[in-house]
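Engineer: Counting with my numbering, you get residues 315 to 640 for the letters of the sequence shown.
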Amino acid sequence: MGKVTFSTFGKAFTAHSARTPSHISRRLLRLIADCDCVKNKKGNRYSFKSKELLEFLNGEERIYENITKAIKKDEVIKHIEFDFEDMCYELLDDDAFDLVYDDLKELVKNDDALPPETKKSLLSGRDDLISNGPDIFIYAMGNDNLTNPKKEKTKKPLTPLEIQKRIIELINKYPKPLQIEVPKEITTKEMTYVSAILEAFAEDAGVEIILENELVSKKDYQKYKKKLDRYRTDFYKAESIRESLKDTKLEKEVGVFKQLEDETYDSIIDKVEEDYPTSYSRMTSVLNHVTTISLRSLIAPSWVGSAEKKGVCHILVNEGRIRWKE
């Protein structure tokens with residue numbers, strides 16, 4: 315039938331008391347917790363929240379270890395015996411004493427872990443609640459109170475839209491990426507996309523090659539210098555997003571920047587593959603086109619504007635996924 319526990323002992327009181335279950339649970343625990351020798355792990359007196367008091371009473375949680383261990387101390391036993399009567403008068407009307415004791419006797423009689431002689435001992439003496447209640451309580455506190463573990467709620471799988479919504483909420487909690495300052499000198503990691511841009515400039519100018527320093531030294535190339543400066547700024551705006559995400563769970567587990575790259579690629583590849591008279595016209599046409607597309611990427615609503623979209627195109631060139639010149 316099961317052992318007598320704090321939970322079953324407490325329910326004998328709640329069945330015949332006008333007090334709330336949490337009040338009864340707290341008052342029973344105070345029989346032990348009010349002793350000076352009983353402290354929590356931080357060395358302080360115990361305090362109890364209503365929620366956990368109900369969980370104790372329902373057998374959903376174990377009583378704290380320091381409290382159950384204290385039940386063996388003489389000081390605690392004496393306190394229980396001394397305070398038990400006051401507790402009963404605080405919780406019960408006079409006509410409820412016998413009713414509670416009858417319930418406790420049934421619990422003891424049905425406890426299949428108790429030898430007959432121990433049952434007899436718990437119910438001996440004056441055979442009433444005030445006399446035998448403390449011994450039954452002490453016995454109950456020595457047993458595991460976790461008799462009715464809470465069932466874990468089966469979580470309903472999230473729909474794709476719910477997942478997207480939660481990720482967007484998570485993204486919005488991240489601070490907007492700090493803009494990486496564009497280096498004055500072209501860096502090694504920029505060489506591929508910058509070389510492709512210079513190649514497109516040369517084709518537009520009708521020359522075989524344009525060197526970076528010529529954009530400054532030759533007056534006819536000033537328009538290209540302004541474009542290159544803008545394109546590098548766009549590149550670093552997109553790079554700022556990539557850098558801010560690279561060590562986050564969003565990128566490691568979801569790959570949000572990779573999703574942005576892939577979606578951008580899918581949105582422009584047909585435009586890239588159209589016929590153009592020059593690689594310059596392909597580049598400018600694609601960069602103009604990308605600013606008009608609506609991206610579904612999870613980070614798009616918050617962080618991706620026209621400049622970042624063009625920057626992702628330069629990243630795709632840098633990675634060799636698209637080319638300006640056939």
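A virtual CB, placed ideally from N, CA and C, is assigned to each residue, including glycine.
Say the cut is 7 Å; is the CB of threonine 547 nearer than that to a heavy atom of the ligand MN?
Structural biologist: The ligand MN is not among the ligands present in this structure, which contains no ligands whatsoever.
Engineer: Going by Cα to Cα distance, which pick from Glu633, Asp416, Ser616, Thr592 is closest to aspartate 576?
Structural biologist: Glu633
Engineer: If I measure Cβ to Cβ from glutamate 557 and keep anything under 8 Å in the same chain, skipping five residues before and after, which residues do I get?
Structural biologist: Contacts found: Pro491, Ile494.
Engineer: Expressed to the nearest angstrom, what Euclidean distance is found between the alpha-carbon atoms of leucine 574 and serine 509?
Structural biologist: Distance between the alpha carbons of leucine 574 and serine 509: 24 Å.
Engineer: Tell me the rounded alpha-carbon separation between serine 620 and threonine 605.
Structural biologist: Across the structure, serine 620 and threonine 605 are spaced so that their CA atoms are roughly 5 Å apart.
Engineer: Determine, using beta-carbon pairs with one atom in the region 321-330 and one in the region 412-420, whether at least three such pairs fall under 8 Å.
Structural biologist: With a cut-off of 8 Å, the region 412-420 and the region 321-330 count as touching, because enough Cβ pairs lie within range.
Engineer: Going by CA-CA distance only, name the one from Leu564, Asn602, Thr592 that's closest to serine 581.
Structural biologist: Asn602
Engineer: Which one of Gly456, Gly373, Ile500, Lys533 has the shortest CA to CA distance from aspartate 663?
Structural biologist: Here the chain comprises residues numbered 315 to 640, so residue 663 is not present and cannot be evaluated.
Engineer: Please say whether asparagine 459 and serine 321 have beta carbons closer to each other than 8 Å?
Structural biologist: yes
Engineer: Classify tyrosine 403 as buried or exposed, calling it buried when 16 or more other Cβ atoms lie within 10 Å of its own Cβ.
Structural biologist: Counting Cβ neighbours within 10 Å, tyrosine 403 comes out exposed, since fewer than 16 surround it.
Engineer: Flag this pair as yes or no: are the beta carbons of threonine 319 and asparagine 457 separated by less than 8 Å?
Structural biologist: yes
Engineer: Quick check on alanine 302: does DSSP put it in helix, strand or coil?
Structural biologist: Since the first residue of the chain shown is 315 and the last is 640, residue 302 is not available in this structure.
Engineer: Which value, in whole angstroms, describes the spacing of the CA atoms of leucine 638 and glutamate 476?
Structural biologist: The amino acid at residue 638 is misidentified as leucine; the sequence shows tryptophan. If I take the Cα positions, the gap works out to 39 Å.
Engineer: In the DSSP assignment, find the unbroken alpha helix (DSSP H) run with glycine 625 in it and report its ends.
Structural biologist: Looking at the DSSP string, the run of the alpha helix (DSSP H) that includes glycine 625 is 620-632.
Engineer: So, at 8 Å on beta carbons, what are the nonlocal neighbours of phenylalanine 451 in its own chain, with the 5 sequence-adjacent residues on each side left out?
Structural biologist: Phe323, Leu342, Leu345, Ile394, Phe398
Engineer: Once you ignore the five residues that flank arginine 340 on each side, which residues in its own chain have a CB closer than 7 Å to its CB?
Structural biologist: Phe362, Leu367
Engineer: Whole angstroms is fine: what's the gap from lysine 631's alpha carbon to threonine 506's?
Structural biologist: The displayed chain sequence assigns valine, not lysine, to residue 631. Taking the straight line from one Cα to the other gives about 7 Å.
Engineer: Taking the CB atoms as reference points, tell me whether glutamate 513 and serine 593 lie closer together than 8 Å.
Structural biologist: For the 8 Å CB-CB criterion, glutamate 513 and serine 593 form a contact.
Engineer: On a Cα-Cα basis, can you pick out the residue from Lys585, Lys465, Ser336, Ile377 that is closest to lysine 365?
Structural biologist: Checked all of Lys585, Lys465, Ser336, Ile377; the closest Cα to lysine 365 is Ser336.
Engineer: Please tell me whether threonine 461 and glycine 357 are closer than 8 Å, where the distance is taken between their beta carbons.
Structural biologist: no
Engineer: Looking at the secondary structure, which residues open and close the alpha helix (DSSP H) in which phenylalanine 396 lies?
Structural biologist: 388-405
Engineer: Using a Cβ-Cβ cutoff of less than 6 Å, which residues in the same chain neighbour tyrosine 360 once the five nearest sequence positions on both sides are dropped?
Structural biologist: Ala347, Asn354
Engineer: In three-state terms, what does DSSP make of glutamine 573?
Structural biologist: helix
Engineer: How would you call glycine 625, buried or exposed, if buried means at least 16 neighbouring beta carbons within 10 angstroms?
Structural biologist: By the 10 Å Cβ count, glycine 625 comes out buried.
Engineer: Taking the Cβ atom as the reference point for each residue, do leucine 436 and aspartate 449 lie within a distance shorter than 8 Å?
Structural biologist: Cβ atoms of leucine 436 and aspartate 449: closer than 8 Å.
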